[in-house]
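So the sequence shown is numbered by our numbering: it starts at 7 and just counts up by one. Glycine included, every Cβ here is placed at the ideal spot set by N, Cα and C. Everything below concerns the one structure shown next.
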Amino acid sequence: TEQFNILGSFFTTDILSDYSHLDMGNGLLLKIFHKDGTATEFNRFSQFASFSSSSAPSVTAPFRAELSANPAETVVEGPFSKDVILKITYN
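Structure, rendered in structure tokens:
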């Protein structure tokens, strides 16, 4: 039975407030959490699943996203948009 780890990174070229907060540009911050409640770090790979030939034929990894007010800025109403890409690799 061969097993390998699946790594993922929420990648963005936009401005980060810190490693776990994406500045949405309107006074809000985006933070993404793993299923265990720990915050993901943008642009850094971390393990989120293991896969083996004897396990189920698919892997599901739930994440939770949170928008919060940036304490250093005023929230601006209106439409907003950011791109975040989930990059996946394995070892």
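| Check | Outcome |
| --- | --- |
| Rounded Cβ spacing between L28 and T18 (contact assumed at less than 8 Å) | 6 Å |
| Helix, strand or coil at G1 according to DSSP, with G and I counted as helix | Nothing about residue 1 can be reported from this structure: the residues present for the chain run from 7 to 97 only. |
| Host beta strand (DSSP E) of A78 (start-end) | Unbroken run through A78: none, as it is neither H nor E. |
| Contact set for S74: own chain, Cβ-Cβ below 6 Å, skip 5 residues either direction | L35 |
| Residue from F10, H40, F57, E79 whose Cα sits closest to the Cα of R70 | H40 |
| Selected residue, minimal CA-CA separation from F10, among F57, P77, M30 | F57 |
| Beta-carbon gap between T44 and I38 smaller than 8 Å | no |
| Outcome for F86 when other beta-carbon atoms lying within 10 angstroms are tallied against a minimum of 16 | exposed |
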